[in-house]
Amino acid sequence: AALPAPNVSCKNLCHRHQLFINFRDLGWHKWIIAPKGFMANYCHGDCPFSLTTSLNSSNYAFMQALMHAIDPAIPQAVCIPTKLSPISMLYQDNDDNVILRHYDDMVVDECGCG
Amino acid sequence: LQFQEHDFLQLLGLDKVPSPQKFQPVPRILKKIFHDQEAAATIGVSQDLCFVKELGVRGNVLRLLPDQGFFLYSKKIPQASSCLQKLLYFNLSAVKDKEQLTMAQLGLDLGPNTYYHLGPELELALSLVQEPHVWGQAVPKPGKVFVLQSVPWPQGVLHFNLLDVAKDWNNNPQKNVGLFLEIFVKGHGDAGVNFQLEDTCVRLRCSLHASLMVVTLDPEQCHHSSRKKR
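Going line by line, the protein sequences match chains A and B.
Note that our numbering has the first sequence beginning at 1, numbered continuously upward.
Note that our numbering has the second sequence beginning at 1001, numbered continuously upward.
1. Should K1086(B) and G1069(B) be called a contact, given that it needs their Cβ atoms to be closer than 8 Å?
2. When you compare only the Cα positions, how much space is there between I99(A) and Q1130(B)?
3. Check whether the Cβ atoms of V1217(B) and C1083(B) lie closer than 8 Å to each other.
4. Does DSSP put G1030(B) in a helix, in a strand, or in coil?
5. Please confirm whether C111(A) and R16(A) have their CB atoms less than 8 Å apart.
6. In whole angstroms, what is the alpha-carbon distance linking L1181(B) and L1062(B)?
7. How far does the alpha helix (DSSP H) with A40(A) in it extend, from its first residue to its last?
8. Using only CA atoms, which one of G1013(B), D1199(B) and A1125(B) lies nearest to G1143(B)?
9. Quick one: give me the first and last residue of the beta strand (DSSP E) that L1212(B) is part of.
10. How is P1173(B) classed by DSSP in three states: helix, strand or coil?
11. Smallest Cα separation from A1166(B): which of D1109(B), F1090(B), G1107(B) and K1141(B)?
12. Determine the closest residue to R24(A) out of N12(A), L13(A) and G37(A), with distance taken between C-alpha atoms.
13. Report buried or exposed for S1046(B), applying the criterion of at least 16 other Cβ atoms within 10 angstroms of its Cβ.
14. Tell me whether the stretch 1015-1032 of chain B and the stretch 89-107 of chain A touch, counting them as touching only if at least three CB pairs, one residue from each stretch, are closer than 8 Å.
15. Give a yes or no on whether the C-beta atoms belonging to S88(A) and V107(A) are separated by under 8 Å.
16. Considering N22(A), what are the terminal residues of the alpha helix (DSSP H) in which it resides?
17. Can the beta-carbon of I1183(B) be found less than 8 Å from the beta-carbon of L1092(B)?
18. Given a limit of 9 Å on CB to CB distance, which residues of the stretch 87-105 of chain A reach chain B?
19. If I measure Cβ to Cβ from N1161(B) and keep anything under 7 Å in the same chain, skipping five residues before and after, which residues do I get?
20. Quick one: list the residues of chain B neighbouring S85(A), beta-carbon separation under 7 Å, in chain order.
21. How many angstroms separate the CA atom of P81(A) from the CA atom of N59(A)?
22. How is V1017(B) classed by DSSP in three states: helix, strand or coil?
23. Is T1102(B) buried or exposed, if buried means 16 or more other CB atoms sit within 10 Å of its CB?
24. Tell whether a beta-carbon distance below 8 Å holds between I1033(B) and E1005(B).
25. Please tell me whether I1033(B) has its Cβ less than 8 Å away from any Cβ of chain A.
26. Taking C-alpha atoms, which residue in L1208(B), L1204(B) and N1170(B) lies nearest to K1098(B)?
27. Could one say the Cβ of P35(A) lies closer than 8 Å to chain B's Cβ atoms, at least one of them?
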């Protein structure tokens, strides 16, 4: 049987949204020397079955969406980061050491259904 | 929220939220590495984050450890040419066991105003301290001098490779009892130099700044490059 087409507008589809993390908001400006903050972004939006294949989805997301259509108790695929990139942080610890370190998976570059 | 923050900080390699009293000065090289990486990330250039190209070494964590030592003042009349004696101490406890040391560079900044115009030539000697310094002891028991360098004119920050020493300290923390730094004035006794000596040494005490730059490699975060080679 044909699956019903979801009533989803394009702007509600899974995609990357801008999110700037300001370390001052977290109180982390007291020990992070640089940067002051960074554009971390986030993923949000719907992952309707009919568009799962076009929304940068994994094969697993497609299968999950298919199973959800058959059995609604199985949750729908969700909008998640599919590509992340690192940032470098310069900070000071409690021993007055100045540290430069790279942290993986801090910035969302791409989103998809998974 | 605090509980979650603690968990996240542990992921970042921190035991607790740092609360420094004031920010330490950041050396130019660290600023440059940070800005270069930030610029590369902005334009989307892929980088090997386990190689510090500016220093030519493998590593993904750079630490600048401040000197926690102290000046030594002898009650006896010091040798005429001896200008300054200092115990240098660097606390390596922040380096985790799993991290591999790939660089340890001592930076000695004698300060821009140490010298008079055509002032006296300095010579510095560095040796490993053999035993912990006892309070009241004039000079710690120094080992063999491993650096003896003439400094004829202001040269900016002087750098010394301490990788083997730092590795030894890291493996045997009880051996880390410091370095003994002594600075001499060459040509002491020449006419016209004596009156400058005291001023030079006083200025040197005020402006001397020592730090240890340590680069380490965390194998858990830097495993993919060896796989690439295979």
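Backbone N, C-alpha and C fix where the C-beta goes; we use that ideal spot for every residue, glycine too.
By the coordinates alone:
1. Closer than 8 Å, so yes.
2. Cα to Cα, I99(A) sits roughly 29 Å from Q1130(B).
3. The sequence shown places Leu at residue 1217(B), not Val. Going by C-beta atoms, L1217(B) is not nearer than 8 Å to C1083(B).
4. A small fix is needed here, since residue 1030(B) is Leu in this sequence, not Gly. L1030(B): helix per DSSP, three-state reduction.
5. Yes, the pair counts as a contact, with Cβ atoms nearer than the cut-off.
6. Rounded to the nearest angstrom, the two C-alpha atoms are 24 Å apart.
7. Note, A40(A): premise wrong, no alpha helix (DSSP H); not H, not E.
8. Closest option to G1143(B), Cα to Cα, is A1125(B).
9. H1209 to L1217 is the extent of the beta strand (DSSP E) around L1212(B).
10. P1173(B) falls in the helix class under three-state DSSP.
11. Per the Cα distances, F1090(B).
12. The residue with the shortest Cα to Cα distance from R24(A) is G37(A).
13. Exposed is the call here.
14. Yes: the two stretches touch, three or more of their Cβ pairs being nearer than 8 Å.
15. Taking C-beta atoms as the reference points, S88(A) and V107(A) fail to come closer than 8 Å.
16. Per DSSP, N22(A) lies in no alpha helix (DSSP H) segment; the continuous beta strand (DSSP E) that holds it begins and ends at F20 to N22.
17. Not in contact: I1183(B) and L1092(B) (Cβ atoms no closer than 8 Å).
18. So the close ones are I87, S88, M89, L90, Y91, Q92, D93, N94, D95, D96, N97, V98, I99, L100, R101, H102, Y103 and D104.
19. So the list reads Q1105, once near-sequence residues are dropped.
20. The contacting residues are A1041.
21. Inter-residue distance for P81(A) and N59(A) is about 15 Å (C-alpha atoms, whole angstroms).
22. Judged by DSSP in its simplified three-state form, V1017(B) adopts coil rather than helix or strand.
23. T1102(B) is buried by the Cβ-count criterion.
24. Not closer than 8 Å, so no.
25. Yes, its Cβ sits closer than 8 Å to a Cβ of chain A.
26. When only C-alpha atoms are compared, the closest one is N1170(B).
27. Yes, because at least one Cβ of chain B sits closer than 8 Å to the Cβ of P35(A).
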